[in-house]
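Residue numbers (my numbering): 38 to 108.
Idealized CB from N, CA, C, for every residue including glycine.
Bear in mind the structure is a predicted one, so any value in this text is a computation, not a measurement.
Following this line, the structure appears as structure tokens:
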């Protein structure tokens with residue numbers, strides 16, 4: 038779970054960095070910029086899905102073993 042959190046934060050920081058580079062330096066054409074941002078957003082969405090799935094699976098296993106969820 039920690040790796041997905043780090044990956045998600047890295048994607049967010051990368052998207053902000055690319056946006057700032059585009060705003061101040063006009064480094065990419067508009068089409069390339071949109072493609073880069075969409076790719077970063079897709080990677081972020083996959084990481085969120087992995088995180089959520091792992092969290093739900095872990096909670097399900099805790100329920101099956103009859104332990105408290107808030108431990």
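Item                                                                                                                                                                                     : Value
Do three or more CB pairs link the region 47 to 55 to the region 64 to 74 at distances below 8 Å?                                                                                        : yes
Does the region 86 to 102 come within contact of the region 54 to 68, defined as at least 3 CB pairs closer than 8 Å?                                                                    : no
Could you name the residues of the same chain whose beta carbon sits closer than 6 Å to that of residue 43, not counting the 5 residues immediately before and after it, in chain order? : none
Taking buried to mean at least 16 other C-beta atoms within 10 Å of its own C-beta, is residue 62 buried or exposed?                                                                     : exposed
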